[in-house]
Amino acid sequence: MSSVRALTALARTLKPLDAYVLGLGDDALVSSHRLSEWLTRAPDLEEEVALANVALDQLGQARFLLGYAGRSSGLTEDELAYQRTDREYRNCLLVELPNGDFAHTILRLLFFSAYQRQLYTTLSESTDGELAGFAKKACVEVDYHYEYAASWTLRLGDGTEESHDRAVAALAELWPYTAELFAGDDLVTALAAEGLVPDPERIQGSWMEQVTSILAEATLGTAPSGTWRPGGGRNGVHTEALSYLLAEMQSVHRAHPGASW
Amino acid sequence: MTASEQQGLDLWEVFVRARRGLSHQHVGSLHAPDAEVALRRARDLYTRRGEGVSIWVVPAGAVSASDPGEKEPYFTPARDKDYRYPTYYELPREVRGL
């Protein structure tokens with residue numbers, strides 16, 4: 322009950338653009354946390370550093386976005402990150418799914434970074450100068466994340482029999498979740514009409530082109546068909562995986578509220 | 183055999199040029215399956231804080247090193263051969279910062 326009340330309160334507090342930006346910030350924060358879970362578990366030390374670097378870039382993006390989203394309501398980035406329940410998180414489901422094997426992590430990063438690329442490129446022309454400035458800088462980072470994920474996708478897909486099979490399995494599992502990235506709603510439509518944020522349909526085309534050409538080159542075939550396209554993350558309806566992620570991410574803050582070092 | 187060698191990962195030496203006009207400096211080494219990955223990993227490991235404008239990676243096996251046992255004949259300082267040191271020139275005042 323209390324989490325539902327808090328969600329309602331948050332939804333009431335945030336202005337439309339802030340609510341939208343909160344979703345982008347949650348995407349970056351949750352994705353960053355999943356990548357950081359690879360620390361001490363990556364295939365080798367060098368890969369661990371590469372994954373951590375991507376995670377840190379995304380964390381930096383999350384800090385700006387959460388800070389922006391909460392500012393006019395008097396909420397800090399820490400309050401937004403550590404004091405919300407799963408029902409108050411607005412990230413897409415794709416980023417919260419468990420890491421799975423390395424192929425899952427790489428394909429997820431491919432889909433997500435290709436999405437962020439289109440998103441930030443368009444956002445860098447936003448009529449909101451501060452968002453535009455942020456997006457311009459973030460573009461450079463996600464370009465690298467995309468290159469990194471694309472080059473690994475090619476290696477896994479067109480590598481050994483096992484790496485190919487694992488990449489195929491990851492593609493089949495993750496693909497349905499990509500639809501949510503481009504599922505607009507009234508909020509997004511209204512903001513896009515004002516030129517504040519990208520129109521999801523407009524960026525979906527280039528995303529699809531980019532991703533399917535990498536999949537084909539990686540001998541992973543065409544994008545899976547299928548009508549099951551889960552969603553709900555933008556409304557706070559998540560998979561159970563997010564609850565466990567948040568429980569771990571927020572544990573120190575909940576045990577020691579307000580602690581600093 | 184180390185774990186990295188078992189995975190077929192070669193050792194690469196990394197050289198970074200800090201800025202235009204300087205030469206590449208050896209900064210360390212890393213494991214990678216090929217040159218492309220080695221370059222990417224070098225970027226992640228050695229240039230994240232704006233350290234460089236250019237990276238070289240070289241297979242460690244391609245580096246020929248001097249023999250530590252031959253240290254004396256190679257590196258004994260030639261202090262007694264003072265004609266090797268350009269100390270007899272009067273420096274013009276204009277180049278005092280040299």
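One line per chain: the protein sequences are A and B, in this order.
The first sequence finishes on residue 582 if you use the numbering used here, and the numbering steps up by one all the way, no holes.
The second sequence finishes on residue 280 if you use the numbering used here, and the numbering steps up by one all the way, no holes.
Virtual Cβ for every residue (Gly too), placed ideally from N, Cα, C.
* Asked: Among residues of its own chain, excluding the 5 on either side of A:A373, which ones have a beta-carbon nearer than 7 Å to its beta-carbon?
  -> Cβ within range, chain order: S357 and L360.
* Would DSSP call A:D339 helix, strand or coil? -> helix
* Asked: With a cut-off of 8 Å, does the C-beta of B:L221 fall near any C-beta of chain A?
  -> Residue contact check for B:L221 against chain A: no CB pair falls below 8 Å.
* To do: May I ask you to report which of helix, strand or coil DSSP gives B:A260?
  => coil
* To do: Closer than 9 Å by beta-carbon distance: list the chain A residues that pair up with B:H213, in chain order.
  => D365, L366 and E367
* Asked: Looking at chain A, which residues of the segment 223 to 245 of chain B have a Cβ within less than 7 Å of any of its Cβ atoms?
  -> R223, D226, L227 and R230
* Asked: Terminal residues of the continuous alpha helix (DSSP H) containing A:V558?
  -> Counting along the chain, A:V558 falls outside any alpha helix (DSSP H), and DSSP gives it neither H nor E.
* **7 Å Cβ shell around A:E398 - same chain, five flanking residues per side excluded** => Hits under 7 Å: R384, L387, G388 and G391.
* So which residues on chain A does B:L191 lean against when the C-beta distance must stay under 8 Å? -> What B:L191 touches in chain A: D365.
* To do: Counting only the same chain and skipping the five closest in sequence on each side, list residues whose C-beta sits under 6 Å from that of A:Q531.
  => A435
* **At least 3 beta-carbon pairs within less than 8 Å: the segment 474 to 494 of chain A vs the segment 503 to 519 of chain A** => No: fewer than three Cβ pairs fall under 8 Å.
* Asked: With DSSP run on the structure shown, which of helix, strand or coil describes B:H206?
  -> coil
* Would you please state the rounded distance, in angstroms, between the beta carbons of B:L212 and B:A220? I believe it to be under 8 Å. => 7 Å
* Using 10 angstroms around the beta-carbon of A:V518, count the other beta-carbons present and answer buried if the total reaches 16, otherwise exposed. => The residue in question, A:V518, is buried, as its Cβ has 16 or more Cβ neighbours within 10 Å.
* Exposed or buried, which one is A:T426 when buried takes at least 16 other CB atoms within 10 Å? -> buried
* Same chain only: Cβ atoms within 8 Å of A:M529, ignoring 5 sequence neighbours per side -> A544
* Which value, in whole angstroms, describes the spacing of the CA atoms of B:G251 and A:Y403? -> 59 Å
* Asked: When the Cα atoms are used, what is the spatial distance from B:E254 to A:R476?
  -> 48 Å
* Asked: Looking at the unbroken alpha helix (DSSP H) that takes in A:L414, where does it start and where does it end?
  -> L414 to E417
* Contact with chain B by A:A340, beta-carbon distance below 8 Å -> no
* A:S434 - containing alpha helix (DSSP H), residue span -> Here the alpha helix (DSSP H) through A:S434 covers F423 to L444.
* Pick helix, strand or coil for B:W194, following the three-state DSSP scheme. => strand
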